[in-house]
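I have placed the structure first, in the form of structure tokens, so that the comments after it can refer back to it.
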Amino acid sequence: MPPDVSSAAALVFDGVSKRFGAEGRTVTAVQSVDIGIEAGKVAGLIGPDGAGKTTLMRLAAGLLRPDEGRIRALNIDVVEHPLAVQSTVGYMPQRFGLYEDLSVQENLDLYADLQGVAKADRPERYRALMHMTGLAPFTRRLAGHLSGGMKQKLGLACTLVRPPRLLLLDEPTAGVDPVSRRELWSIVYRQVREQGMSVLLSTAYLDEAARCDEVILMHEGRRLGQGSPQSFSAPMRGRTFRVTAPALNKRTLQTRLSAVPGVIDAIIEGEQVRIVSATPHLPDLSAVVEDGGALRTAPADPVFEDAFIARLKGDASMSSAHARLAEESRAAAAGAGHNDAVIEVRDLQRRFGDFYAVKGVSFSVQRGEVFGLLGANGAGKSTTFRMLCGLLPVTAGEVQVAGVDLRHAVAQARARLGYMAQRFSLYENLTVLQNLRFFASAYGLHRARGKQRIAWALEAFELTDYAGAGSRDLPLGFKQRLAMAAALMHEPEILFLDEPTSGVDPLARREFWQRINALAEAGVTVLVTTHFMDEANYCDRLVIMAEGEVLAKGTPADMKARFRDAEHPDPTMEDAFISMIEAHEQRKEAAA
Amino acid sequence: MKAGAAARMRLGGMIRKESLQILRDPSSIAIAFVMPLVLLLLFGYGVSLDAKHIPLAMVLEEPDADTASLIGAFRRSSWFDARGFDSIQAAQQAFDRREVFGIVWLRNDFSQRLLTRGEAPIGVIVNGVDANQARITQGYIQGVWQVWLNSYASSKGVELTQPVALEPRIWFNAAVRSTAFLVPGLIAVIMTLIGAMLTSLVVAREWERGTMEALMVTPVRIGEMVVGKLVPYFVLGMGGMLLSVAMALWLFDVPLRGSFWLLTATSALFMLVALGMGLLISVFARNQFVAGQLSILITFLPAFILSGFIFEIGAMPAPIQVLTHIIPARYFVAILQTLFLAGNIWPIVLANSAALAVMMVLFLGLARRNMHKRLDA
Numbered sequence: 372m373p374p375d376v377s378s379a380a381a382l383v384f385d386g387v388s389k390r391f392g393a394e395g396r397t398v399t400a401v402q403s404v405d406i407g408i409e410a411g412k413v414a415g416l417i418g419p420d421g422a423g424k425t426t427l428m429r430l431a432a433g434l435l436r437p438d439e440g441r442i443r444a445l446n447i448d449v450v451e452h453p454l455a456v457q458s459t460v461g462y463m464p465q466r467f468g469l470y471e472d473l474s475v476q477e478n479l480d481l482y483a484d485l486q487g488v489a490k491a492d493r494p495e496r497y498r499a500l501m502h503m504t505g506l507a508p509f510t511r512r513l514a515g516h517l518s519g520g521m522k523q524k525l526g527l528a529c530t531l532v533r534p535p536r537l538l539l540l541d542e543p544t545a546g547v548d549p550v551s552r553r554e555l556w557s558i559v560y561r562q563v564r565e566q567g568m569s570v571l572l573s574t575a576y577l578d579e580a581a582r583c584d585e586v587i588l589m590h591e592g593r594r595l596g597q598g599s600p601q602s603f604s605a606p607m608r609g610r611t612f613r614v615t616a617p618a619l620n621k622r623t624l625q626t627r628l629s630a631v632p633g634v635i636d637a638i639i640e641g642e643q644v645r646i647v648s649a650t651p652h653l654p655d656l657s658a659v660v661e662d663g664g665a666l667r668t669a670p671a672d673p674v675f676e677d678a679f680i681a682r683l684k685g686d687a688s689m690s691s692a693h694a695r696l697a698e699e700s701r702a703a704a705a706g707a708g709h710n711d712a713v714i715e716v717r718d719l720q721r722r723f724g725d726f727y728a729v730k731g732v733s734f735s736v737q738r739g740e741v742f743g744l745l746g747a748n749g750a751g752k753s754t755t756f757r758m759l760c761g762l763l764p765v766t767a768g769e770v771q772v773a774g775v776d777l778r779h780a781v782a783q784a785r786a787r788l789g790y791m792a793q794r795f796s797l798y799e800n801l802t803v804l805q806n807l808r809f810f811a812s813a814y815g816l817h818r819a820r821g822k823q824r825i826a827w828a829l830e831a832f833e834l835t836d837y838a839g840a841g842s843r844d845l846p847l848g849f850k851q852r853l854a855m856a857a858a859l860m861h862e863p864e865i866l867f868l869d870e871p872t873s874g875v876d877p878l879a880r881r882e883f884w885q886r887i888n889a890l891a892e893a894g895v896t897v898l899v900t901t902h903f904m905d906e907a908n909y910c911d912r913l914v915i916m917a918e919g920e921v922l923a924k925g926t927p928a929d930m931k932a933r934f935r936d937a938e939h940p941d942p943t944m945e946d947a948f949i950s951m952i953e954a955h956e957q958r959k960e961a962a963a
Numbered sequence: 008m009k010a011g012a013a014a015r016m017r018l019g020g021m022i023r024k025e026s027l028q029i030l031r032d033p034s035s036i037a038i039a040f041v042m043p044l045v046l047l048l049l050f051g052y053g054v055s056l057d058a059k060h061i062p063l064a065m066v067l068e069e070p071d072a073d074t075a076s077l078i079g080a081f082r083r084s085s086w087f088d089a090r091g092f093d094s095i096q097a098a099q100q101a102f103d104r105r106e107v108f109g110i111v112w113l114r115n116d117f118s119q120r121l122l123t124r125g126e127a128p129i130g131v132i133v134n135g136v137d138a139n140q141a142r143i144t145q146g147y148i149q150g151v152w153q154v155w156l157n158s159y160a161s162s163k164g165v166e167l168t169q170p171v172a173l174e175p176r177i178w179f180n181a182a183v184r185s186t187a188f189l190v191p192g193l194i195a196v197i198m199t200l201i202g203a204m205l206t207s208l209v210v211a212r213e214w215e216r217g218t219m220e221a222l223m224v225t226p227v228r229i230g231e232m233v234v235g236k237l238v239p240y241f242v243l244g245m246g247g248m249l250l251s252v253a254m255a256l257w258l259f260d261v262p263l264r265g266s267f268w269l270l271t272a273t274s275a276l277f278m279l280v281a282l283g284m285g286l287l288i289s290v291f292a293r294n295q296f297v298a299g300q301l302s303i304l305i306t307f308l309p310a311f312i313l314s315g316f317i318f319e320i321g322a323m324p325a326p327i328q329v330l331t332h333i334i335p336a337r338y339f340v341a342i343l344q345t346l347f348l349a350g351n352i353w354p355i356v357l358a359n360s361a362a363l364a365v366m367m368v369l370f371l372g373l374a375r376r377n378m379h380k381r382l383d384a
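Protein chains in written order, with my numbering: chain P, 372 to 963; chain L, 8 to 384.
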């Protein structure tokens with residue numbers, strides 16, 4: 372559809388393409404994109420990593436020059452007059468653009484100077500901004516000593532110090548806890564209401580689409596669509612269902628539902644499986660349960676992510692390859708059914724200087740369980756993980772992994788566990804095959820066994836076609852597959868996955884969780900950290916962490932049930948998480 | 008607000024921010040003040056190109072009044088610690104054990120040959136492993152011998168058969184202290200470090216932390232960003248220079264024979280050249296590691312090795328001598344050594360300053376031309 376080029380438009384992209392040259396190859400970051408954003412609206416630029424969101428933001432701010440097409444911001448040609456645009460828009464880059472060695476006040480002063488805010492107007496403007504962001508008590512604190520959520524709000528305050536007519540926010544909610552995310556959205560809407568500001572905000576969280584007036588959906592540099600959030604989800608009405616089968620565990624149910632023709636998406640949601648049908652009818656699910664076992668279905672409300680998945684996949688059914696992998700490994704899992712704790716953690720502590728990154732954490736994990744550590748950045752998840760893998764010495768407390776006390780026999784435990792670090796830790800200048808060979812030798816697999824495992828990895832993770840490709844050039848989802856294959860080279864009993872789905876697109880995330888399901892059914896114990904609240908549903912049990920402490924533990928259903936009340940008849944994991952964090956904050960204030 | 012007032016406000020904001028960052032960041036203070044201190048102390052006290060107290064073996068095969076007088080001459084000289092041996096074998100053993108660095112061998116017919124033929128009947132053996140030290144030692148031995156021979160001859164009323172009497176006189180650095188010549192040159196190295204390395208590092212840090220991107224989408228002009236960066240580091244670099252000069256004058260007793268104001272003016276000029284190099288590096292290096300490596304490789308090391316600060320340019324092979332002309336520190340070292348040890352020698356100061364001025368315009372101009380408020384430029 373052609374973009375709206377009326378004078379009321381705050382930002383117009385007209386057939387914009389941008390290519391980057393890197394080492395002799397050209398990468399097309401943005402391909403013929405048309406966007407029109409009405410003044411006084413909040414538009415969301417939504418898409419997974421690598422969709423071209425940051426490139427579009429930088430193009431709009433005049434930081435990049437398009438190879439093709441025209442961009443007008445507030446009726447000014449961005450390519451011709453970048454400085455004029457930069458004098459009227461507010462732009463917050465991904466890392467907030469703060470000077471960490473300056474105080475809150477000094478950061479504000481700098482941006483007020485740069486934006487030409489008159490000295491006389493400053494006290495009142497500062498007061499308003501500090502009140503709005505709740506930073507008033509911290510004006511003398513160095514920005515580097517603020518929490519992630521506070522940094523984000525300070526970055527926003529600096530951008531708003533002279534109210535811009537167009538506000539560009541590049542992934543302001545990435546890596547920020549859900550409470551701060553909600554606050555940010557309310558500040559943004561207040562600006563729109565009070566100042567008539569126009570806002571373009573990018574995000575990789577598909578669930579934030581519902582908060583926008585207008586959504587621009589991006590994938591791999593192309594615009595998949597633009598419209599109101601409802602216009603995306605409305606066509607999905609009648610195509611989404613919740614399915615339960617008492618005789619099957621939820622992961623088995625999900626795996627089987629995925630394989631049904633006509634089902635384009637099946638995800639675990641609490642104790643149920645939510646499916647999206649290719650047509651407005653319930654597909655024939657009779658093959659899912661054997662011998663006429665019970666299968667209950669109920670219609671469900673469509674969400675934005677359904678529309679995204681549907682647009683990406685069209686009417687194609689899900690690939691059956693992982694389903695096959697799962698079926699095979701299920702057979703192998705038949706023997707490994709005994710229920711014993713493979714990980715025991717008691718009163719775990721880790722101190723850095725006088726800062727407790729982890730304090731008093733206790734939990735136990737059963738064999739074959741998928742166990743989650745859920746929390747915002749800085750909650751202590753990765754620190755806990757590193758201690759469990761023997762990468763970081765324990766300050767105090769007991770840790771048993773696979774029956775081995777980690778304080779005494781790290782090497783013995785390590786041979787039995789696989790670890791996939793954040794950002795995947797691959798050798799990017801090696802090919803896929805070379806990476807696998809390296810990890811096989813690093814785990815001490817002898818020749819024949821190594822060959823056999825590499826062949827398995829290439830097949831099971833569908834990497835055969837990419838064996839000769841450089842790891843650097845792989846899409847993020849494939850990097851993740853390769854990293855997981857590498858961590859599984861020596862067939863570990865326990866698999867640790869640190870933020871495995873961070874930045875990976877929703878399709879790749881789905882594939883990833885199917886593999887995890889298959890592994891868990893084969894008796895592998897899986898520990899996973901995530902800050903995606905909806906991923907908590909995939910876990911058998913989880914702990915919620917904040918500031919190094921465990922706030923709650925249990926099954927996802929238990930956690931949500933605790934917060935079910937009249938106002939929230941069907942609470943989400945995010946609702947539960949936010950109320951736990953708020954209760955934690957209140958306890959802290961009461962104690963202080 | 009008027010355009011001029013807004014520009015002043017932006018520039019003021021940039022300078023204030025940069026100064027606060029310098030004050031808060033221990034590493035920039037360390038590079039500006041601790042590093043000069045360490046380098047000066049190291050070169051002032053630790054590294055010396057002079058030979059002093061060289062252990063020397065004197066073989067006296069037949070001691071008598073003449074040999075005693077000669078060994079006395081060696082002992083009195085502060086260059087040598089002379090030890091007597093009665094045979095060359097014993098002296099060689101000490102030499103092999105590295106207890107002595109050289110041997111002066113006075114044969115049993117020393118006094119006889121001295122009187123009859125009036126020529127040098129001494130044998131000199133020097134450890135040639137360290138060629139520099141060996142040459143210096145050899146020279147000093149010859150010096151002591153010559154002086155002793157002259158006084159011996161005049162005391163005996165004997166005319167020496169030497170056609171030319173050597174009477175050395177050393178100008179500019181009469182005490183032949185290498186400190187007096189190293190310390191002024193060191194100032195050039197220190198200012199290169201502050202100007203080029205610190206500047207390129209802090210700009211790279213802005214890229215790494217993403218603050219550069221935020222700055223670019225403000226009304227600030229490139230020129231204001233550049234000046235906002237230059238001013239605080241200029242002040243810091245001149246501070247480092249003053250510290251070095253003060254230490255040179257009062258700690259190492261280096262004379263300042265030229266004018267202090269001329270020294271300050273030429274230092275300011277060189278500071279701008281160094282800042283220009285730093286900015287130019289920062290145009291191409293967007294992370295601190297690359298910026299650090301580049302500035303060490305193309306500014307610090309050449310200033311150290313090719314500027315004539317330690318190694319005399321005239322003694323380098325011809326192609327290397329040509330290469331030194333593109334090293335800015337070369338011109339500043341010449342100015343520094345002139346101003347400290349000789350005085351206001353205008354032809355030298357002006358010629359070298361002209362070269363520095365050309366380089367300043369070149370570096371700052373190139374840096375400014377290649378800086379854009381865009382990420383893909």
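Where is the CB? At the ideal position from N, CA and C, for every residue including glycine.
- Annotation: Cβ neighbours of P/Tyr462 in chain L (cutoff 9 Å, chain order): Glu220, Ala221, Met223, Val224, Thr225.
- According to the DSSP assignment, P/Trp827 belongs to the alpha helix (DSSP H) that extends over 818 to 831.
- In terms of beta-carbon proximity, L/Asp137 stays away from the interface with chain P, with every pair separated by 8 Å or more.
- Beta-bridge analysis with DSSP links P/Gln643 to P/Glu640.
- When the alpha-carbon of P/Leu804 is set against those of P/Ala792, P/Leu788, P/Gly821, the nearest one is in P/Gly821.
- A contact is defined here as three or more CB-CB pairs under 8 Å, and the segment 455 to 468 of chain P meets this definition with respect to the segment 223 to 239 of chain L.
- Among the residues of chain P, none has a CB under 8 Å from the CB of L/Gln295; the nearest is roughly 15 Å distant.
- For L/Phe370, the uninterrupted alpha helix (DSSP H) segment begins and ends at 353 to 376.
- The distance from the Cβ of L/Gly192 to that of L/Leu343 is about 6 Å, consistent with a contact at the 8 Å cut-off.
- Note that the C-beta distance between L/Val340 and L/Phe316 is below 8 Å.
- Within the segment 414 to 480 of chain P, the complete beta strand (DSSP E) runs of at least 3 residues fall at 439 to 444, 460 to 463.
- Ranked by Cα distance from P/Ala854, the options P/Ala483, P/Tyr790, P/Tyr909 are led by P/Tyr790.
- Assigned with DSSP and collapsed to three states, P/Asp492 falls in helix.
- Taking 8 Å as the CB threshold, L/Gly230 stays off the interface with chain P.
- For P/Tyr814, the nearest beta carbon of chain L is not closer than 8 Å to its own beta carbon.
- Here P/Ile417 is not near P/Thr504, since their CB atoms are 8 Å or more apart.
- For the segment 708 to 744 of chain P, the continuous beta strand (DSSP E) assignments of 3+ residues that do not extend past its boundaries occur at 712 to 723, 726 to 737, in sequence order.
- Against chain L, the CB of P/Tyr470 has a partner CB under 8 Å away; the residue lies at that interface.
- In the DSSP assignment, P/Pro877 falls within the unbroken alpha helix (DSSP H) covering 877 to 892.
- Fewer than three pairs of CB atoms, one per stretch, sit closer than 8 Å, so the segment 764 to 771 of chain P makes no contact with the segment 827 to 839 of chain P.
- Bounds of the beta strand (DSSP E) holding P/Lys924 are 920 to 925.
- Counting the other Cβ atoms within 10 Å of the Cβ of P/Val449 gives 16 or more, which makes it buried.
- Residue pairing for P/Leu513: DSSP places it in a beta bridge opposite P/Ser474.
- Assignment of L/Phe92 by DSSP, reduced to helix, strand and coil, places it in the strand class.
- Beyond the five residues adjoining it in sequence on each side, P/Val631 comes within less than 7 Å, by CB distance, of Pro654, Leu656, Ala658, Val659 in the same chain, given in chain order.
- Bounds of the beta strand (DSSP E) holding P/Tyr790 are 788 to 791.
- In this structure the segment 201 to 218 of chain L touches the segment 28 to 46 of chain L; the number of beta carbon pairs closer than 8 Å is three or more.
- When only Cα atoms are considered, L/Arg228 and P/Arg787 end up about 58 Å apart.
- Under DSSP, P/Ala669 takes part in a beta bridge, and its partners are P/Arg613.
- Here the alpha carbon of P/Arg511 sits roughly 44 Å from the alpha carbon of P/Val736.
- For P/Arg390, the pairing in a beta bridge is given by DSSP as P/Thr399.
- Listed in chain order, the non-local C-beta contacts of P/Leu588 below 6 Å within the same chain comprise Ile417, Leu595, Gly596, local neighbours out to five positions each way being set aside.
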